[in-house]
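S.K.:
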Amino acid sequence: MSNVPSSSAVVAARAPETSSASRTVALVGPPNSGKSTLFNRLTGLRQKVANYPGVTVEKRLGRTSLQGQDVLLVDLPGVYSLEPRTEDEQVTHDLLRGRMDDVPKPDAVVLIVDVTNLGRQLTLAGPILSLGLPTLVVLNMADDLKRRGGTVDVDALAEQVGTPVALVSARTGEGLSAVGEFLQGALGVPRPVELPIISNVPSCRQWSAEVGKRARYRNPLPSIWTRRLDGVFLHPVAGPLIFVMVVLAVFQTIFQAAVPLMDGVETMIAVSGGWLQSALPESWFRSLLIEGVWGGVGSVVVFLPQILLLFIFIGVLEDSGYMARAALIADRTMAKVGLEGKSFIPLISAYACAIPAILSTRTIANQRDRMATILVAPFMTCSARLPVYTLVIAAFIPEEPVYARTATMIGLYLLGFVAAVLTAAVLKSSVLKSARTPFMLEMPSYRMPTLRSIGLRLLDRAKIFLRRAGTVIMATTIVLWFLASVPLQNGEPPEIAESVAGTIGRTMEPVIEPLGFNWRIGIGIITSLAAREVIVGTLGTIYGMEADEGSLELQSALQSDLTLPGAIALLIYFAFAMQCMSTVAVVRRETGGWKWAILQFAYMTALGYVCAFAAYQILS
Amino acid sequence: MTRNIPATLAELREGEEACLDRIDLPEPEARRLMELGFLPGTRIAAARSSPFGDPRVYRVDGSEVALRRETAARLMVRESPEIRGE
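Residue numbers (my numbering), protein chains in the order written: chain A, 1 to 620; chain B, 1 to 86.
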């Protein structure tokens with residue numbers, strides 16, 4: 001809906017049951033045409049979204065079953081043309097021509113356009129119709145058109161384009177039955193009509209103007225609200241002020257409002273753990289379950305409410321159209337470091353997770369800019385850092401004065417942003433130097449985000465988070481538990497310090513001691529190479545195993561392990577170091593080799609080490 | 001009647017409009033701009049700028065597109081009164 005690739009919209013999964021679908025339909029349209037909203041409407045909760053390396057990522061697949069007719073819907077990235085110049089356009093181009101290995105050539109195409117600007121949006125119709133596939137033209141945002149006094153003769157338009165046309169509102173669901181009928185009906189090839197020279201933009205635009213005129217299209221009045229809101233959000237004084245206030249409000253809420261919810265989850269985990277403890281006979285298995293799984297995975301799951309709150313904000317900012325304005329406000333900074341303004345959008349979505357951010361760089365035409373953006377995106381504070389930051393801040397930063405914790409958190413976010421920008425500046429003035437590419441960003445109209453779309457995003461996020469907790473985090477905590485339980489001494493588990501895990505931690509202690517970390521933190525740094533939040537689970541498991549009775553509260557246990565300078569060093573280390581194997585894998589794939597992935601990993605880890613070292617040495 | 005003063009889009013002040021004459025940029029970039037509606041002969045109005053003055057939003061062909069000053073300076077415009085009669 002917005003111009004900004006939403007964190008989930010860019011990410012996708014391979015549907016394993018692709019072959020069983022009897023019909024494949026591709027959803028194509030320009031950015032901001034409401035493609036993803038329509039996709040969500042049609043597929044509901046049956047879409048597959050994933051956030052892991054190794055799954056297909058350039059498109060979203062969803063299925064919808066209409067009266068027995070099984071349809072596989074493919075949501076393609078928003079494009080203005082079918083000329084393959086960016087990665088996104090290449091994907092669309094290849095898929096529509098059946099050149100994808102994992103998705104069959106589509107049996108039909110749904111072209112979705114924003115009917116409030118029919119002339120320009122229909123420029124894409126020429127190239128799409130010339131494919132000769134059965135096509136439905138969906139005119140979206142019918143409610144907006146009507147409200148702003150525009151009209152269109154749908155039948156006359158269908159006559160002009162030689163293929164069915166449906167006037168709908170994907171937001172309200174109005175008129176969607178026609179789309180359903182098309183998806184399950186008998187597919188007819190478009191009746192031949194006169195088409196423009198498809199490689200020629202002026203010709204396509206002229207054609208769509210002519211088609212619009214014959215369909216008696218009347219332009220709606222400009223959106224008054226968009227102009228009014230821009231008057232505020234882009235105001236020289238109010239604009240930046242609101243920008244800062246939005247950021248403050250987001251962080252303050254994440255801290256304050258999340259607390260009762262997190263307490264709730266914590267209680268649930270503690271109660272269920274206690275119940276298991278008393279229900280099961282004492283054995284190594286109970287110990288694994290309570291200390292390893294409940295202590296480890298549980299301490300990560302506690303952060304689910306906080307992460308969902310963050311995503312409510314990201315969702316509202318993206319869906320409302322504010323994100324494009326934020327990109328506009330931030331463009332000056334991007335220009336100074338030599339990056340294309342478009343790079344800002346992947347960097348913003350990296351606040352959610354670096355992986356979709358790296359994938360969304362596919363819209364950047366300049367390869368060197370794209371590379372620079374990929375290399376700096378993991379510095380942005382992703383949601384996996386949130387549990388680590390929250391835990392350490394809550395344990396070491398006092399609650400008073402009121403803003404101390406929020407300020408620390410914002411400081412860490414800024415730190416990541418500054419590291420990203422400075423690294424980009426260095427890259428762009430040396431190895432990745434290139435001519436400046438023009439910045440062009442379409443400003444979408446402001447729209448009220450719908451509960452439905454935000455709800456779907458949250459559900460996606462919760463699924464991804466819990467899946468991670470149930471796979472990566474569970475696996476590492478179980479392995480850790482075993483390593484911390486061997487070798488047996490007289491048939492009893494050893495002190496953790498004497499175990500295999502403890503030995504590993506103590507072996508690396510000399511390396512991390514100058515940073516103020518002991519061997520327990522060392523184990524956490526090693527396990528969290530898999531994913532940042534694993535350190536929270538690891539510490540949960542270690543403290544759980546060490547505690548004589550019940551588990552020690554994570555925060556107070558941490559206080560005995562770290563000094564304040566050490567805690568700050570740990571925060572800085574996590575701000576910079578690349579503790580995420582999934583990102584390394586995606587960078588390797590997107591840059592076409594190990595070279596950049598390894599360089600990036602080494603650089604980030606070294607920067608994290610050096611800065612944490614400096615911070616600890618100066619502060620203590 | 002036609003005052004042939006060479007001017008670029010970057011010189012338009014907020015609220016002013018003009019007719020695009022040609023795009024002085026290499027083919028791929030010019031094409032991208034054309035896809036966004038910047039076709040020669042189209043009327044373009046300068047709207048709000050970012051709070052820091054650059055980039056600026058332009059109203060073109062029913063939508064709003066932000067361009068940096070350096071890009072807008074490569075878009076040559078004719079004075080708009082000539083095309084007002086459309």
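Backbone N, C-alpha and C define an ideal beta-carbon position, used for all residues, glycine too.
Let me know the secondary structure DSSP gives A/Thr18 once reduced to three states.
M.R.: Because A/Thr18 carries a pLDDT of 42, less than 50, the predicted location of this residue cannot be relied on, and no value is offered for it.
S.K.: Check distances from the C-beta atoms of the stretch 447-467 of chain A to those of chain B and list, in chain order, the residues that come in under 7 Å.
M.R.: Residues: none.
S.K.: Using a beta-carbon distance below 8 Å, is A/Asp331 in contact with chain B?
M.R.: A/Asp331 counts as touching chain B.
S.K.: Starting from A/Glu442, trace the beta strand (DSSP E) both ways and give me its first and last residue.
M.R.: Segment Met440 to Met443, the beta strand (DSSP E) holding A/Glu442.
S.K.: Between A/Ser383 and A/Ile307, what straight-line distance do the alpha-carbon atoms span, to the nearest angstrom?
M.R.: Answer to the nearest angstrom: the Cα atoms are 7 Å apart.
S.K.: Give me the Cα-Cα distance between A/Trp661 and A/Gly273, rounded to the nearest whole angstrom.
M.R.: Given that chain A is displayed from residue 1 to residue 620, the structure contains no residue 661 of chain A and the question cannot be resolved.
S.K.: Classify A/Gly126 as helix, strand or coil using the three-state DSSP reduction.
M.R.: DSSP places A/Gly126 in helix when its eight states are reduced to three.
S.K.: Taking A/Ala569 as the reference, give the member of A/Val586, A/Val392 and A/Thr538 with the closest Cα.
M.R.: Comparing Cα positions, the closest option is A/Val392.
S.K.: Starting from A/Leu72, trace the beta strand (DSSP E) both ways and give me its first and last residue.
M.R.: Run containing A/Leu72: Gln69 to Asp75, per the beta strand (DSSP E) assignment.
S.K.: Could you round the C-beta distance between A/Val189 and A/Ala166 to whole angstroms and report it? I think they count as a contact, below 8 Å.
M.R.: Incorrect: roughly 18 Å between the Cβ atoms, too far for contact.
S.K.: If you draw a straight line from the alpha carbon of A/Phe613 to that of A/Leu515, how long is it in whole angstroms?
M.R.: Rounded to whole angstroms, A/Phe613 to A/Leu515 spans 5 Å at the Cα level.
S.K.: Starting from the Cα of A/Asp460, find the closest Cα among A/Val421, A/Ala357, A/Thr253 and A/Phe311 and give me that residue.
M.R.: It is A/Phe311 whose Cα lies nearest to the Cα of A/Asp460.
S.K.: Return yes when the Cβ of A/Lys35 is within less than 8 Å of the Cβ of A/Ile112, no when it is not.
M.R.: Their beta carbons are under 8 Å apart, which means A/Ile112 touches A/Lys35 by this criterion.
S.K.: Helix, strand or coil for B/Tyr58? Go by DSSP, reduced to three states.
M.R.: Correct three-state label for B/Tyr58: strand.
S.K.: Got a sec? Which residues, its chain only, sit under 6 Å from A/Leu157 by beta carbon, not counting five neighbours each side?
M.R.: If we look at A/Leu157 and ignore the five residues flanking it on each side, its Cβ neighbours are Val165 and Ala215.
S.K.: Per DSSP, A/Asn140 is paired with what?
M.R.: BP columns for A/Asn140 point to A/Asp114.
S.K.: Could you run through the stretch 217-230 of chain A and flag, in chain order, every residue whose CB is less than 7 Å away from some CB of chain B?
M.R.: Listed by position along the chain: Asn219 and Asp230.
S.K.: Whose C-beta lies closer than 7 Å to the C-beta of A/Gly239 among residues of the same chain, with five residues either side of it excluded?
M.R.: Once the five neighbours on either side are set aside, the close Cβ partners of A/Gly239 are Phe233 and Ile329.
S.K.: Take A/Tyr389 as the anchor and find which of A/Ala567, A/Met245 and A/Ala258 has the nearest alpha-carbon.
M.R.: The option with the nearest alpha carbon to A/Tyr389 is A/Ala567.
S.K.: I'd like the list of long-range same chain contacts for A/Val297, defined as Cβ closer than 7 Å, with 5 residues on each side in sequence excluded.
M.R.: Taken in chain order, the residues that qualify are Ala469, Ile473, Met474, Thr477 and Gly537.
S.K.: Please report whether the beta-carbon of B/Asp24 lies at a distance below 8 Å from any beta-carbon of chain A.
M.R.: So no, B/Asp24 is outside the interface.
S.K.: I want to verify the contact list: residues of chain B whose CB lies under 8 Å from the CB of A/Leu328, in sequence order.
M.R.: Going along chain B in sequence order, the residues near A/Leu328 (Cβ under 8 Å) are Ser50, Pro55, Val57 and Ala66.
S.K.: Report yes or no: is there a C-beta of chain A within less than 8 Å of the C-beta of B/Asp61?
M.R.: Taking Cβ atoms only, chain A reaches closer than 8 Å to B/Asp61, which makes this a yes.
S.K.: Rounding to the nearest angstrom, what Cα-Cα distance links A/Gln559 and A/Trp594 in this structure?
M.R.: Each residue's Cα considered, the two are about 39 Å apart.
S.K.: For B/Ile44, name the three-state secondary structure that DSSP assigns.
M.R.: B/Ile44 falls in the strand class under three-state DSSP.
S.K.: How many angstroms separate the CA atom of B/Leu12 from the CA atom of B/Glu29?
M.R.: Distance between the alpha carbons of B/Leu12 and B/Glu29: 21 Å.
S.K.: Any C-beta of chain B within less than 7 Å: which residues of the stretch 79-95 of chain A qualify?
M.R.: Those would be Tyr80, Ser81 and Arg85, in chain order.
S.K.: Here's the rule: buried if 16 or more other CB atoms are within 10 angstroms of the residue's CB, otherwise exposed. What is A/Thr471?
M.R.: Flag for A/Thr471 reads exposed.
S.K.: According to DSSP, A/Ala698 sits in a beta bridge with which residue or residues?
M.R.: This structure cannot settle anything about residue 698 of chain A, because the visible part of chain A is limited to 1 through 620.
S.K.: Going by the beta-carbon positions, is the gap between A/Met443 and B/Val65 smaller than 8 Å?
M.R.: Yes, the pair counts as a contact, with Cβ atoms nearer than the cut-off.
S.K.: Closest by CA to A/Gly119, which one among A/Asn219, A/Val110 and A/Ser199?
M.R.: The option with the nearest alpha carbon to A/Gly119 is A/Asn219.
S.K.: So what's A/Ile329 in DSSP terms, helix, strand or just coil?
M.R.: Residue state, collapsed to three classes: helix.
S.K.: Taking C-beta to C-beta, are A/Pro378 and A/Met581 nearer than 8 Å?
M.R.: Not closer than 8 Å, so no.
S.K.: Kindly list the residues whose CB is nearer than 7 Å to the CB of B/Leu67, restricted to its own chain and excluding five residues on each side of it in sequence; keep chain order.
M.R.: Around B/Leu67: Pro55, Arg56 and Tyr58.
S.K.: Got a sec: which bits of the stretch 23-43 of chain B sit with their beta carbon under 7 Å from any beta carbon on chain A, in order along the chain?
M.R.: Under the 7 Å Cβ criterion, the stretch 23-43 of chain B contributes Leu25, Pro28, Glu29, Arg31, Arg32, Leu33, Met34, Glu35, Leu36, Gly37 and Leu39.
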